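A short write-up of the structure that comes next.
Protein chains in written order, with the working numbering: chain A, 2 to 136; chain B, 189 to 488.
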């Protein structure tokens, strides 16, 4: 790859200094970078408030945005993510680019009425996204 | 493991038809991979609503019996103590339960209990149906929850003696239940506006719940002596306490994947993999090839 790089350096003219801002633009993170977005719902919107007594509001959050081409520690992405990007860019565009998905969650306590009329307090795992990653 | 799957699916509210049933009637959910089915079994209403087929029949097929208002008030109070307004479990909880189930007694086989007690024997037969407890929920503590509506404020301390006996109810012959074993213990508490009294029956119910007993039949005798029995004060003739049949409260540890296990909450703070320095990963060069001329500047 070093030799290929030297050859390509000889071919490609050095970027003229005056469009440095464009030059650096390619390193900026994408405008709509992958990040955590707020979303709040109330169970009455879903008509679930007949059996979900608490909490009244629930913020599951979600991850959305583009993954930068070379993802680093910012996302805690494994090296595989970069491999997948290279495959997409250089080998086979039908392989999807890395996606912006939740990496960590927090639990949620729910108070519900069961079909038999009994009442249950339950703590469910992984109900609120708290961190995003590119995978 | 199969056993867990089996245990969970046969404890659900029966919406998963038995696999041996003729396939075209098979509930579409049974075609889901096991893991999802297990999840589905534990969060039936949530996920049923998300699956289109479930939408219409879920609302129709699960008529909900309305819970007792006192029980509801108690559980809302328990919720406020256990979670924040947003529903996040409070970290300072020292106990390990992640599930609390409150059952009100079924109506069968209950002696007509007198509403207002004259401070004397309050005897009631209780039948609790525990079908909702799954095989993955392990009992940590169980209590009988009495709610007292003291219409006459009772100032002094009160000692109540509670006799409990579990009955083996032979449903087949409808013979009157025979007490199989019983326990008696006394409670001493101050009435002072106390709304609830919890009678710990864990050791009593543990063996029954551990053997997956679905119907718990017990006779409870409850006698309250107002005033301090040591000074053998005259038992006040009218302890104006309306004793309503107690609810059964089960503190459980749900060992399923969907339940939150606070002692391994380290799992939540998953270590972000330490990212090797760019130059150490051969792939970084390869990736950099894309913008060939920028390798040096990037290194810089």
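Ideal Cβ positions, reconstructed from N, Cα and C, are used throughout, including at glycine. All of these numbers come straight from a predicted model, not from anything done at the bench.
*For the candidate residues B:395, B:328, B:274, whose alpha-carbon lies nearest to that of residue 56 of chain A?*
B:274
_CB of residue 271 of chain B within 9 Å of CB of residue 450 of chain B, strictly_ = no
*Contact set for residue 86 of chain A: own chain, Cβ-Cβ below 7 Å, skip 5 residues either direction*: 70, 98, 99
_My output table needs one value for residue 127 of chain A: the three-state DSSP class, helix, strand or coil._
strand
*For residue 59 of chain A, does the three-state DSSP call read helix, strand or coil?*
strand
_Under 9 Å by beta carbon: chain A residues contacting residue 293 of chain B_ = Here the premise fails: no neighbours, minimum Cβ distance about 11 Å.
*Assuming residue 330 of chain B and residue 389 of chain B make a contact with CB atoms under 8 Å, what is their CB distance in whole Å?*
5 Å
*Cβ neighbours of residue 286 of chain B in the same chain (closer than 6 Å, five flanking residues each side left out)*: 442, 447, 448
*Can you tell which of A:113, A:63, A:88, A:118 has its C-alpha closest to the C-alpha of residue 44 of chain A?*
A:113
*asked:* Would residue 117 of chain A pass as an interface residue toward chain B - the criterion being a Cβ-Cβ separation below 9 Å?
replied: yes
*Going by the beta-carbon positions, is the gap between residue 437 of chain B and residue 332 of chain B smaller than 9 Å?*
yes
_Only counting the same chain, and skipping five residues up and downstream in sequence, which positions put a Cβ closer than 6 Å to that of residue 76 of chain A?_
134, 135
_Outcome for residue 50 of chain A when other beta-carbon atoms lying within 10 angstroms are tallied against a minimum of 16_ = exposed
*Measure the C-alpha to C-alpha separation of residue 410 of chain B and residue 116 of chain A and round it to an integer number of angstroms.*
31 Å
_For residue 407 of chain B and residue 325 of chain B, I'd like the C-alpha separation in whole angstroms._
25 Å
*Is DSSP giving residue 311 of chain B helix, strand or coil here?*
strand
*Tell me whether the beta-carbon of residue 60 of chain A lies closer than 9 Å to the beta-carbon of residue 42 of chain A.*
yes
_Cutoff 9 Å: residue 504 of chain B Cβ touching any chain A Cβ_ = In the structure as shown, chain B starts at 189 and stops at 488, and residue 504 of chain B therefore has no counterpart that could be examined.
*Relative to the C-alpha of residue 335 of chain B, which residue among B:386, B:316, B:265 is closest?*
B:386
*Quick one: grab the DSSP three-state call for residue 88 of chain A.*
helix
*Check each residue of the segment 100-114 of chain A: if its Cβ is closer than 9 Å to any Cβ of chain B, include it; give the result in chain order.*
104, 105, 106, 107, 108, 109, 110, 111, 112, 113, 114
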